[in-house]
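These notes are about the structure you will find just below.
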Amino acid sequence: MTVSSVEAPLWRDRQFVLLASARVLSVLGNGFARVALAFAVLALPGAGPGRLSLVLACQALPQLVFILAGGVIADRMSRSGLMVLADVMGAGAYTGLAVMVLTGHAPLVAMCLLAVVAGSATALFAPALDGLVPLIVPLDRLQRANGLLRVGTNSSLLLGLALSGVTVALVGAGWALALNAASFVVSAVLTVRLRVAARPRKKASGWSELREGWQEFASRQWLWVVVAQYSVVIAVTNANVGVLGPLTAERHLGGARAWSVIVAAQAVGTVAGAGLASRVRVRHPVRVAVLCTFPAAVPIALLGAEAPVWLISAAMFGAGVAGDFFGVLWATTIQQEIPERLLSRVSSYDWFGSLALAPLGLLFAGPLAATLGTRRTLAGCATLLTLATTAALLSPQVRNLRTDGEGRS
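Be aware that the sequence shown starts at 1, since it is given in this note's numbering, and climbs by one per residue.
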């Protein structure tokens, strides 16, 4: 492991600054929404774990259903243009949710439909963003750029999370959701100003391009093994952050403010982790990335044990550091190893596989907590995460891959 040499700052690059600014503002709003949406649903008359699971599952399911289409579309059209469209969709969805919560008229069907729109926007946005970064940043500066982007967005998320609990407590969840909607609008305005060279129009059908992306994805063992691992990891962590954590906080830790402190601690850790990853070079990035997943099980186990808030927060900080070290290494490895013309499609398979179990995790977290108890459900989640990560390390390519960027063309 080595520390990279000093390079000219990317903040002098107008394109990178526009992209980073758009992401920072958008994620700031998401920080508010992450806490606000859960407590907005729980505050509605007759709401409980089952209703919260249903709304969050409706948000997660479209991310799974439409992510592959998002990858094909992003490889066929302007990736920045697709990101703008996704931002507009997100703004509309969260505006609707905010209005319903603020007026007190929030039918379950309407909330679920708007959650579907928000999830669909994410499905379009994520592969486009993954494919856009290498178009505006030189290959040899990708890890630095990915790290700086994550430092900015994680700092913004931290601010949103730090303010969200107070906002929910003082003025209600509806205004926090409204701030998220406004952040999407500003993000769209900034993204429109990006100037990216036009890409060749594709003559092949969408289905053939989807198959080509699958062949590239399936040919790399390190890629599909880690994606399979993360299908379990994301299902477990989403169930924890979306349902089980808020339930535990509501019943045993003091409610929204306590949970806001816990998730904010994780956000602080992600800032530190991304900053470290932007400067450190490792010989085997996939192996190191997978090892960085283990700490995510610790705060889940501590929640199950109903540990003190400060101890859970400390564990969440550590998980945040390790998690974003994983994120920077993983994104950079894919951008270096996958040809640019296939990047959004391969990224969409990465997202699809990683999110495959996320809706089930959210959908069943509430009912399992009601049947088995929150403590047992959290203990089971921590065990599943640990087993999945251990299994990924059995792959020779995961342990031994060394990136050199030769996969790009």
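Positions of the beta carbon are idealized from the N, C-alpha and C atoms, including for glycine.
- Task: Reducing DSSP to helix, strand and coil, say where residue 257 ends up.
- Result: Walking along the sequence shown from the start, residue 257 turns up at place 257. Three-state DSSP puts residue 257 in a helix.
- Message: Among 254, 102 and 124, whose alpha-carbon lies nearest the alpha-carbon of residue 74?
- Response: Within the sequence shown, numbered from 1, the residue matching residue 74 stands at position 74. The shortest C-alpha separation from residue 74 is found at 124.
- Message: Taking the alpha carbon of residue 255 as the reference point, which residue from 29, 12 and 36 has its own alpha carbon closest?
- Response: For the purposes of this step, residue 255 is taken as the residue at position 255 of the sequence shown. The candidate whose alpha carbon is nearest that of residue 255 is 36.
- Message: Tell me which residues share the same chain as residue 304 and place their Cβ nearer than 6 Å to its Cβ, disregarding the 5 neighbours each side in the sequence.
- Response: The sequence position of residue 304 within the sequence shown is 304, counting from 1. Contacts found: 375, 378 and 379.
- Item | Exposed unless 16 or more other CB atoms sit within 10 angstroms - verdict on residue 16 | Position 16 of the sequence shown, counted from the first residue, corresponds to residue 16. So residue 16 counts as buried.
- Message: Contact defined as beta carbons within less than 8 Å: I believe residue 31 pairs with residue 160. What is the distance between those atoms, to the nearest angstrom?
- Response: Position 31 of the sequence shown holds residue 31. Position 160 of the sequence shown holds residue 160. Indeed they touch by this definition, with Cβ atoms about 2 Å apart.
- Message: Following a CB-centred definition, is residue 171 positioned closer than 8 Å to any heavy atom of the ligand NAD?
- Response: The ligand NAD is absent from the structure shown, which contains no ligands of any kind.
- Nearest-angstrom beta carbon gap, residue 114 and residue 358 [assumed within contact, 8 Å]: For the purposes of this step, residue 358 is identified with residue 358 of the sequence shown, where counting begins at 1. For the purposes of this step, residue 114 is identified with residue 114 of the sequence shown, where counting begins at 1. Their Cβ separation, rounded to whole angstroms, is 18 Å, which puts residue 358 and residue 114 out of contact at 8 Å.
- Task: Look at the alpha carbon of residue 407 and the alpha carbon of residue 29, and state the distance between them as a whole number of angstroms.
- Result: Here residue 407 is taken as the residue at index 407 of the sequence shown, counted from 1. Here residue 29 is taken as the residue at index 29 of the sequence shown, counted from 1. Low confidence applies to residue 407: its pLDDT is 45, below 50, so where it sits in the model is not reliable enough to give any reading.
- Task: Go through the segment 132-176 residue by residue and report every complete run of the alpha helix (DSSP H) that reaches 4 residues or more, in order.
- Result: Listed in chain order, the complete alpha helix (DSSP H) runs (minimum 4 residues) inside the segment 132-176 are 142-171.
- Query: So is residue 219 buried or exposed if we call it buried at 16+ other beta carbons inside 10 Å?
  - Reply: To locate residue 219, count along the sequence shown from 1; it is residue 219. Residue 219 is exposed by the Cβ-count criterion.
- Item | Nearest-angstrom beta carbon gap, residue 363 and residue 53 [assumed within contact, 8 Å] | Within the sequence shown, residue 53 is the residue found at index 53, counting from 1. Within the sequence shown, residue 363 is the residue found at index 363, counting from 1. Taking the Cβ atoms as the reference, residue 53 lies roughly 5 Å from residue 363, within the contact range of under 8 Å.
- Item | Rounded separation between residue 88 and residue 182 - CA only | On the sequence shown, residue 88 is found 88 positions in, with the first residue counted as 1. On the sequence shown, residue 182 is found 182 positions in, with the first residue counted as 1. The straight-line gap from Cα to Cα measures roughly 10 Å.
- residue 356 - containing alpha helix (DSSP H), residue span: One-based indexing of the sequence shown puts residue 356 at position 356. Here residue 356 belongs to no alpha helix (DSSP H), and DSSP marks it neither H nor E.
- Message: What does the Cβ neighbour count give for residue 345, buried or exposed, with the cut at 16 atoms within 10 Å?
- Response: The residue labelled residue 345 in the question sits at position 345 within the sequence shown. Looking at its Cβ environment, which holds 16 or more other Cβ atoms inside 10 Å, residue 345 is buried.
- Query: Below 9 Å between beta carbons: does that hold for residue 106 and residue 44?
  - Reply: For the purposes of this step, residue 106 is taken as residue 106 along the sequence shown, with counting starting at 1. For the purposes of this step, residue 44 is taken as residue 44 along the sequence shown, with counting starting at 1. For residue 106 and residue 44, yes; Cβs fall inside 9 Å.
- Within the same chain, show all residues whose beta-carbon is closer than 6 Å to that of residue 187, passing over the 5 residues directly before and after it, in chain order. Indexing the sequence shown from 1 puts residue 187 at position 187. Result list for residue 187: 22, 25, 26 and 87, in chain order.
- Message: Can you give me the C-alpha to C-alpha distance between residue 409 and residue 271, rounded to a whole angstrom?
- Response: Translated into the one-based positions of the sequence shown, residue 409 becomes position 409. Translated into the one-based positions of the sequence shown, residue 271 becomes position 271. For residue 409, the predicted structure reports a pLDDT of 46, less than 50, and the residue's modelled location is therefore unreliable. A value from the coordinates is still provided. Approximately 32 Å between the Cα atoms of the pair.
- Extent of the continuous alpha helix (DSSP H) run through residue 38: For the purposes of this step, residue 38 is taken as the residue at position 38 of the sequence shown. Note, residue 38: alpha helix (DSSP H), 14-43.
- Task: Using three-state DSSP, classify residue 196 as helix, strand or coil.
- Result: For the purposes of this step, residue 196 is taken as the residue at position 196 of the sequence shown. Residue state, collapsed to three classes: coil.
- Apart from the five residues just before and just after residue 311, which ones in its own chain have a Cβ nearer than 8 Å to its Cβ? Counting from 1 along the sequence shown, the entry for residue 311 is found at position 311. Hits under 8 Å: 302.
- Taking residue 306 as the reference, which of 292, 248, 288 and 259 has the closest Cα? Your numbering for residue 306 matches position 306 in the sequence shown. Here the closest residue by C-alpha is 248.
- Item | Close Cβ partners of residue 284 (< 8 Å) along its chain, the five nearest in sequence each way excluded | Along the sequence shown, read from residue 1 onward, the residue named residue 284 stands at position 284. If we look at residue 284 and ignore the five residues flanking it on each side, its Cβ neighbours are 399, 400, 401 and 402.
- Decide yes or no for the touch test of the segment 215-229 against the segment 329-339: beta carbon pairs closer than 8 Å, at least 3 of them. Taking a contact to require three or more Cβ pairs closer than 8 Å, the segment 215-229 and the segment 329-339 qualify as touching.
- Message: Out of 332, 176, 315 and 397, which one is the CA nearest neighbour of residue 95?
- Response: On the sequence shown, residue 95 is found 95 positions in, with the first residue counted as 1. Residue 95 has its Cα closest to that of 176, out of 332, 176, 315 and 397.
- Item | Separation of residue 227 from residue 350, as counted between CA atoms | As a first step, residue 350 is located in the sequence shown; it is residue number 350 there, counting from the start. As a first step, residue 227 is located in the sequence shown; it is residue number 227 there, counting from the start. So the two alpha carbons sit approximately 6 Å from each other.
- Query: Which residue's Cα is closest to the Cα of residue 235: 355, 41, 81 and 69?
  - Reply: Position 235 of the sequence shown holds residue 235. Ranking the options by Cα distance to residue 235, first place goes to 355.
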